[in-house]
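With full-length UniProt numbering as the guide, the letters of the sequence shown map in order to residues 1 to 252. C-beta atoms are modelled at their ideal positions from N, C-alpha and C, and glycine is treated no differently. One structure is given here, and the rest of the page talks about it.
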Amino acid sequence: MSRNTLISVKHLSKSFGSKKVLSDINFNVVKGESFVVIGGSGSGKSVLLKCIAGLLDPDENSKVTIKDENVTHMHIIERKNFLKKFSMLFQNNALFDSLPIWHNICFSLINSGVLDSAKAKEHAVEKLELVGLKTDVLDLYPSELSGGMQKRVAIARAIATNPEIIFFDEPTSGLDPIMSDTITTLIASISEKLKSTTITITHDIKVMEKIADKVSLLKDGKLIWVDSLKNTLASEDTYVKLFLNTHTPLVN
């Protein structure tokens with residue numbers, strides 16, 4: 001394992017009862033890398049991300065190491081403390097409908113006592129600027145924003161703690177092509193500014209092309225490909241070519 005390896009996944013499997021969703025997944029993510037997991041619906045992408053992020057407990061003998069710390073079956077309190085520097089952008093944004101935008105962005109910082117309300121609002125302004133939103137949305141509620149603006153707020157919340165690692169769960173899901181491109185560009189820009197290490201799951205080839213350093217492909221719960229973006233796009237592997245061609249949108 002390289003000295004620069006930040007996340008290591010070894011023999012990760014996940015079953016729900018008799019149904020095996022993931023089988024013997026192995027890969028490493030180095031510091032500062034944008035690692036993108038692609039795959040069709042039902043291939044196990046979201047389950048993989050949640051196992052790495054600690055939202056699901058993988059099967060026995062699985063091993064997830066982050067910063068040389070085995071977090072696989074860590075006690076929930078220890079895991080919570082350890083993962084404070086990491087964050088996730090959820091597919092459905094997961095904003096709190098009853099809280100104004102500024103409180104949504106700084107929720108974890110307020111909840112943990114790091115910031116009081118006044119400081120949190122100032123901090124939210126800084127993060128809104130990074131995602132291209134103005135301060136006039138601070139006191140609005142998620143339902144008062146468009147889908148694209150809600151996604152920007154969710155990104156602002158994901159970067160509120162200046163995380164070392166960010167997990168992106170289908171970041172362009174539900175967005176039109178123009179807004180998808182805008183959000184993808186924003187994610188790439190912010191990741192560069194923060195020097196974050198990122199793991200992104202997506203079925204959107206445009207997202208992969210714009211942000212990936214390394215690409216992995218899941219098929220039926222198995223990792224069948226891991227390589228650089230350049231080698232992935234030039235691959236002669238039958239399934240890789242099929243997936244890329246099938247999921248590349250037609251241009252009129």
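Between which two residues does the alpha helix (DSSP H) carrying residue i extend?
i, result
"H123", "S117 to L130"
"N241", "Note that residue 241 is Lys in the sequence shown here, rather than Asn. Run containing K241: T238 to T246, per the alpha helix (DSSP H) assignment."
"I178", "P177 to L194"
"I159", "Unbroken run through I159: none, as it is neither H nor E."
"M208", "I205 to I211"
"N104", "I101 to I105"
Does the separation of the CB atoms of residue i and residue j fall below 7 angstroms?
i, j, result
"I201", "K45", "yes"
"D169", "L49", "yes"
"T5", "V36", "no"
"L12", "V47", "no"
"residue 258", "L194", "Any question about residue 258 goes unanswered here, given that the chain covers just 1 to 252."
"V137", "I165", "no"
"S191", "T198", "yes"
"I211", "S34", "yes"
"K10", "D59", "no"
"P171", "L89", "yes"
"Q150", "N93", "yes"
"V64", "I52", "yes"
Could you check where the beta strand (DSSP E) with residue i kicks off and where it finishes?
i, result
"F90", "Unbroken run through F90: none, as it is neither H nor E."
"S43", "Segment: none, S43 is in no beta strand (DSSP E) and carries neither H nor E."
"V114", "From DSSP, V114 is part of no beta strand (DSSP E); its letter is neither H nor E."
"K63", "K63 to I66"
Leaving aside the five residues before and after residue i along the sequence, list all residues of the same chain whose C-beta is less than 8 angstroms from its C-beta, in chain order.
i, result
"L233", "E209 and L244"
"L186", "V131, G132, R152 and I155"
"F82", "I66, E69, V71 and M74"
Please go through the same chain and pick out, in chain order, the residues whose beta-carbon is closer than 6 angstroms to the beta-carbon of residue i, but skip the five residues on each side of it.
i, result
"R152", "V131 and L133"
"K222", "S23"
"V251", "Only weak support exists for where V251 lies, its pLDDT of 44 falling under 50; the coordinates are left without a value."
"Q91", "D169, E170 and S173"
"I178", "none"
Identify, in the order they occur along the chain, each residue of the same chain with its Cβ nearer than 7 angstroms to the Cβ of residue i, setting aside the five sequence neighbours on each side.
i, result
"R79", "G54 and V71"
"residue 282", "Any property of residue 282 remains undetermined from this structure, which presents the chain solely from 1 to 252."
"C106", "L115, A120, H123, A124 and A160"
"S196", "P163, E164, I165 and I166"
Please identify the residue among the options whose C-alpha is closest to the C-alpha of residue i.
i, options, result
"F86", "G148, L242, P171 and I7", "I7"
"L128", "A156, S143 and I178", "A156"
"L99", "S191, S146, P142 and S41", "P142"
"I61", "Q91, N26 and L89", "According to the sequence as given, residue 61 is Asn; it is not Ile. It is N26."
"L95", "A154, H203 and F167", "A154"
"L140", "L242, D97, L217 and G148", "D97"
"D176", "D204, S117 and N81", "D204"
"S112", "T246, S146 and K84", "K84"
Checking the sheet assignment: what are the DSSP bridge partners for residue i?
i, result
"F82", "Per DSSP, none; premise fails for F82."
"W225", "L217"
"F167", "M88 and I199"
"L12", "I25"
"N70", "T65"
"F35", "I199 and K214"
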